[in-house]
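Trainee: Here it is: the structure, laid out below.
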Amino acid sequence: MKIRLKIRHIQKMKAEKKTKIIERKGSELVGTECNDRECYKHGRLKTHGRFFEGYVKKKFPRRVVIEFERMIYVPKYERYAKSRTKLHARLSRCMESEINIGDYVKIRECRPLSKIIHFTVIDKIKDARSGAGK
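Residue numbering for the sequence shown follows the working numbering, starting at 65 and increasing by one per position.
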């Protein structure tokens, strides 16, 4: 019985603990909470391996589609060909409001979160309005 009570107490303490993030919107500061377990900053999600940079093509709830171009060597013709790659990445709750379609973002590999999501959004590099986006 004592072990169960201790475990419940620890679970309550973890549930009550929330991280505050200060975001700047316009001229005022707004505090948001992030209690997402699959957030690489505030949760338990660990990132490792490869990272890519690309433009956000589509935005879904808690997920984005990133597209970037790369050059592939074709040995038969001894030339390079352009190829586009689309990757699905997890979008944590604390970053949902700041990332939009057309933004240039950085993603990094993590454990498989679903059938198609193996990456998470790390940072927003360039805004869609500030540069020549796609």
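For each residue, glycine too, the CB sits at the ideal point set by N, CA and C. Note that this is a predicted model, so its numbers are computed, not measured.
Which of the three DSSP states is assigned to R101 in this structure?
Mentor: Three-state result, R101: coil.
Trainee: According to DSSP, is K198 helix, strand or coil?
Mentor: Here K198 scores only 49 on pLDDT, less than 50, and its place in the model is too uncertain to base an answer on.
Trainee: Kindly indicate which residue of R157, A192, V169 and L177 has the alpha-carbon position closest to the one of K105.
Mentor: Residue R157 is the option with its Cα nearest to K105.
Trainee: Taking contact to mean 3 or more Cβ pairs, one atom from each stretch, closer than 8 Å, check whether the segment 175–186 and the segment 149–164 are in contact.
Mentor: Result yes; three or more Cβ-Cβ pairs closer than 8 Å.
Trainee: With DSSP as the reference, label R157 as helix, strand or coil.
Mentor: The answer is helix: DSSP assigns R157 an H, G or I state.
Trainee: For K120, is the classification buried or exposed, using 16 other Cβ atoms within 10 angstroms of its Cβ as the cut-off for buried?
Mentor: Reading off the sequence shown, one finds Val at residue 120, where the question assumed Lys. Under this definition V120 is a buried residue.
Trainee: Between the C-alpha atoms of A192 and S161, what's the straight-line distance to the nearest angstrom?
Mentor: In a straight line, the C-alpha of A192 is about 14 Å away from that of S161.
Trainee: If I follow the unbroken beta strand (DSSP E) through K179, where does it start and stop?
Mentor: K179 -> no beta strand (DSSP E), and no H or E assigned at all.
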